[in-house]
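Numbering (the numbering used here), first residue to last: 90 to 266.
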Amino acid sequence: MTIPTDIRAVMIDLDGTLLDTIPDLAAAANATLAEIGRPLLGIDTIKTFVGKGIPNLVKRCLTVGLYAEAEPSEGELERVLPIFKRHYGAVNGRETRIYPGVLEGLDSFRAQGLKLGCVTNKAAAFTEPLLETVGLRRYFQVVVSGDTLAEKKPHPAPLLHICRALGVAPEEALLIG
Numbered sequence: 090m091t092i093p094t095d096i097r098a099v100m101i102d103l104d105g106t107l108l109d110t111i112p113d114l115a116a117a118a119n120a121t122l123a124e125i126g127r128p129l130l131g132i133d134t135i136k137t138f139v140g141k142g143i144p145n146l147v148k149r150c151l152t153v154g155l156y157a158e159a160e161p162s163e164g165e166l167e168r169v170l171p172i173f174k175r176h177y178g179a180v181n182g183r184e185t186r187i188y189p190g191v192l193e194g195l196d197s198f199r200a201q202g203l204k205l206g207c208v209t210n211k212a213a214a215f216t217e218p219l220l221e222t223v224g225l226r227r228y229f230q231v232v233v234s235g236d237t238l239a240e241k242k243p244h245p246a247p248l249l250h251i252c253r254a255l256g257v258a259p260e261e262a263l264l265i266g
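Structure (structure tokens):
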């Protein structure tokens with residue numbers, strides 16, 4: 090893939106763009122549900138809960154099936170979130186797969202002299218180990234996680250932060266994801 094010559098940097102989203110993290114998220118969700126005595130969910134169900142952050146994923150897991158009538162209380166969510174994070178930390182990267190073509194694309198970007206940044210709403214405690222585990226960390230000069238700044242995607246702050254860190258103007262950067 091050849092990038093236009095006025096582009097000097099590429100910023101790439103993590104989950105669902107570079108990596109299929111659904112299997113690890115589903116494993117952590119089901120380990121959490123088992124620990125709190127709730128029925129396990131199929132990966133296809135859990136997949137529909139992914140994309141709006143871990144708190145939303147956990148909340149959705151708590152409101153399906155027999156429990157669909159009741160919204161989890163803030164107290165219940167606060168109690169279950171650390172359980173999920175513990176389980177996710179234990180499986181993070183275990184079943185995650187790099188999407189086909191990603192390595193070739195990253196190599197092509199580097200061969201073109203482009204600077205690379207990774208942007209995600211995933212917490213740094215999960216992002217950095219995941220990138221290391223799957224062997225992608227070496228490609229990125231900067232990684233901005235969901236807790237790096239006060240604002241997360243879709244707010245422009247993470248993207249502008251990457252541009253500053255890479256020394257490029259926003260109009261010289263491309264976002265994939």
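Don't be surprised by glycine CBs; every beta carbon is placed ideally from N, CA and C.
In whole angstroms, what is the alpha-carbon distance linking residue i and residue j?
i    : j    : result
L263 : D104 : 17 Å
T134 : P112 : 12 Å
L122 : L129 : 6 Å
T185 : E217 : 14 Å
R226 : Y177 : 19 Å
A115 : K211 : 15 Å
L203 : I143 : 32 Å
D196 : E160 : 46 Å
A120 : T237 : 28 Å
P171 : G206 : 29 Å
Relative to the alpha-carbon of residue i, which residue among the options has its alpha-carbon at the smallest distance?
i    : options                   : result
V173 : V231, R97 and A117        : Residue 173 is actually Phe in this sequence, not Val. Per the Cα distances, A117.
P189 : E261, I96 and L107        : L107
D95  : T121, I111 and V257       : V257
D109 : R183, E260, S197 and R149 : R183
V180 : E163, G206, A214 and V191 : A214
E163 : T237, N145 and R175       : N145
L192 : R175, P171 and Y228       : Y228
R127 : K136, A246 and V153       : V153
Can you tell me the Cβ-Cβ gap for residue i and residue j, rounded? I've got them flagged as a contact below 8 Å.
i    : j    : result
E165 : L151 : 7 Å
V232 : D102 : V232 to D102, Cβ: 12 Å. No contact.
I265 : V99  : 6 Å
V169 : I132 : The Cβ separation is near 19 Å, so there is no contact.
Would you call the region 214 to 230 in contact with the region 240 to 250, where contact means no fewer than 3 C-beta pairs closer than 8 Å?
Remark: fewer than three beta-carbon pairs, one from each stretch, lie closer than 8 Å, so the region 214 to 230 and the region 240 to 250 are not flagged as touching.
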